[in-house]
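Heads up, the thing below is written out as structure tokens.
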Amino acid sequence: MKAEDSVRRQELLSSAARLFRDVGYARATVRDIAKAVGIQSGSIFYYFKTKEDILVDVMESAMQAFVAAGQRALTDASTPRGRLRGLFVGHLKALHGTTDETAVVLSEWRNLSPKSRRRIVKLRDQVDGMWDEALGEAAAAGLVRGDLRLLRLAMLGSLNWSLQWYSPKGGLSIEELADRFVDFFLTPAKAKG
501 MKAEDSVRRQ ELLSSAARLF RDVGYARATV RDIAKAVGIQ SGSIFYYFKT KEDILVDVME
561 SAMQAFVAAG QRALTDASTP RGRLRGLFVG HLKALHGTTD ETAVVLSEWR NLSPKSRRRI
621 VKLRDQVDGM WDEALGEAAA AGLVRGDLRL LRLAMLGSLN WSLQWYSPKG GLSIEELADR
681 FVDFFLTPAK AKG
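Numbering (the numbering used here), first residue to last: 501 to 693.
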């Protein structure tokens, strides 16, 4: 694909993500997406075979940001607490760096075909696996306890919901917000890690 085609394709994905977030996948039309970037609706099919392909690419982009953030967090920190903090920071940065795409991931699962859903679930499972690894280490260090799967779901649910209420103009940086989450979820530091 030529550079200009790649740029146009990214414009289409960004516009689609914004439209899917604002009006929902079912209500957004190919014509709406094309109009947002100033092309004829039929021209979209040069870049994508179907409207669902656009949805899948939007979701994959957001999920890949979460995977990359998780991988960085697990390699950059050496303690269980540091690794969890890194996951919180990375998740928040990915979440708030791709707000339209992330909102689509969180709200449009039902519009994916089973085949497309499997592609996205595979990425989600990678993210969950990184959190499970870090939580297992944190549990061994005494930083968390109880049902680790439920704890992961609570942590990720809290982080994802911040898309509804967090603003960097509100006084807390992403790092400060992550620290608040870490303090909230981790037991007091009498631990070995």
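For each residue, glycine too, the CB sits at the ideal point set by N, CA and C.
Subject >> V530 versus R518: straight-line alpha-carbon distance, rounded >> reply: 13 Å
**OP:** Grab me the residues of S561's own chain with a C-beta within less than 6 Å of its C-beta, minus the 5 sequence neighbours each way, in chain order.
**Re:** E601
**OP:** Express the C-alpha separation of L555 and L686 in angstroms, rounding to a whole number.
**Re:** 36 Å
Original post:
Considering only C-alpha positions, which residue in the set V644, Q510, A516 and D505 is nearest to E493?
Top reply: Outside the displayed range of the chain (501 to 693) lies residue 493, so it cannot be described from this structure.
Original post:
Any idea what DSSP makes of Y666, helix, strand or coil?
Top reply: coil
**OP:** Select from V507, A594 and R649 the residue whose C-alpha is nearest the C-alpha of E633.
**Re:** R649
Original post:
Which ranges would you report for the alpha helix (DSSP H) in the region 506-548 if only whole runs of at least 4 residues count?
Top reply: 530-537 and 544-547
**OP:** Thinking L623 and M563 are a contact (beta carbons under 8 Å), I'd like their distance in whole angstroms, please.
**Re:** 4 Å
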